[in-house]
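In the numbering used here, the protein residues as written are 13 to 291.
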């Protein structure tokens, strides 16, 4: 993947839009453009405040437990307490962001997430680097250095994000897609074969169905060649899961085939509801 604002005159307007709206655009080699909402310094500071409260609480519990060492030596007890705070403050961010895939308690509450700057999966080394650099960003107090870096940077990155090549994005709550509007009014040849419904619901996971729905919703945003290739691959995957009667799929375009499969796989069971995975 490459950043959509790469040195290309045709992308000048897109880069300006990103700077004004706090949106990062990433274009894939297939021509698909992803839009990511960048988290600003205020929202990130609020998330850090929640995380700091969690760290203080955990350190307080650890300090109370280590206070028993004061029987041996008060100085030894204080040294252990300081070390405990250091390891908790570093380990909390590393453990939480790796376990929750880029989120801490504060980020989960405010719907923020750490990501690779190119939209790729977050790596352990990136998590470690950005959290070790946190001490620099907090200088001289209250994240002054990190806050200034977020304000002046085009991608709202603190120094730890720059070093780790990461960004922090906002994940606003999104309503479920209107499947009735997406699938209604289309003839579905697969409905002539009721036995397929059970097999599709059993073998097509909610995540796979959700990816197919997103492809259908964003099909008009794709380049023609990328659109054909995308639905060819999705259709091939579904065909590998279930054996379809030849007469049911003969002459059906890949995009329509994917639509038909989604219609069957997500159709409400008796007394049930349609569901699409958001993961």
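Here a beta-carbon is modelled for each residue, glycine too, at the ideal position from N, C-alpha and C.
### Task
Indicate whether the contact test is met: 3 or more Cβ pairs, each with one atom in the stretch 131 to 139 and one in the stretch 166 to 181, closer than 8 Å.
Segment contact: the stretch 131 to 139 against the stretch 166 to 181, three or more CB-CB distances shorter than 8 Å; contact assigned.
### Query
Do residue 53 and residue 163 have their C-beta atoms within less than 8 Å of each other?
Yes.
### Task
State buried or exposed for residue 248, treating a residue as buried only when at least 16 other CB atoms are found within 10 Å of its CB.
Exposed, because fewer than 16 other Cβ atoms sit within 10 Å of the Cβ of residue 248.
### Task
Please list, in chain order, all residues of the same chain as residue 151 whose beta carbon is under 6 Å from its beta carbon, the five residues on each side excluded.
These residues qualify, in order along the chain: 157.
### Residue environment, residue 258, which counts as buried when at least 16 other CB atoms sit within 10 Å
Exposure of residue 258 is indicated by the presence of fewer than 16 other C-beta atoms within 10 angstroms of its C-beta.
### Message
Let me confirm a value: residue 217 is counted as buried when at least 16 other C-beta atoms fall within 10 Å, else exposed. Which label applies?
### Response
Residue 217 is exposed by the Cβ-count criterion.
### Message
Excluding the 5 residues flanking residue 100 on each side, which residues of the same chain have their C-beta closer than 8 Å to its C-beta?
### Response
The answer, listed in chain order, is 67, 70, 71 and 74.
### Chain-order list of residues whose beta-carbon lies under 7 Å from that of residue 213 (same chain, five-residue window excluded)
Within its own chain, the residues whose Cβ lies closer than 7 Å to the Cβ of residue 213, once the five positions on either side in sequence are excluded, are 277, listed in chain order.
### Query
Any idea if residue 271 is buried or exposed, counting beta-carbon neighbours within 10 angstroms, 16 or more meaning buried?
Buried, because 16 or more other Cβ atoms sit within 10 Å of the Cβ of residue 271.
### Cβ shell of residue 97 (< 6 Å), same chain only, five flanking positions each side left out
If we look at residue 97 and ignore the five residues flanking it on each side, its Cβ neighbours are 71.
### Query
Is residue 46 buried or exposed, if buried means 16 or more other CB atoms sit within 10 Å of its CB?
In the assembly as shown, residue 46 is an exposed residue. Its beta-carbon has fewer than 16 other beta-carbons within 10 Å.
### Task
Given a cut-off of 8 Å, decide if residue 65 and residue 119 are closer than it, judged by their beta-carbon atoms.
Not in contact: residue 119 and residue 65 (Cβ atoms no closer than 8 Å).
### Task
Mark residue 113 as exposed unless 16 or more other C-beta atoms lie within 10 angstroms of its C-beta, in which case mark it buried.
When all chains shown are included, residue 113 counts as exposed.
#### Entry: Anticipated Cβ contact below 8 Å, residue 127 with residue 134, distance rounded
Rounded, the Cβ-Cβ distance is 6 Å, consistent with contact.
### Query
On the three-state DSSP scale, how would you describe residue 275?
Note: residue 275 maps to helix in three-state DSSP.
### Collapsed DSSP secondary structure at residue 106 in the structure displayed
Helix, per DSSP.
### Message
Out of 165, 93, 62 and 94, which one is the CA nearest neighbour of residue 124?
### Response
The option with the nearest alpha carbon to residue 124 is 62.
### Query
Terminal residues of the continuous beta strand (DSSP E) containing residue 178?
From DSSP, the beta strand (DSSP E) with residue 178 extends over 178 to 182.
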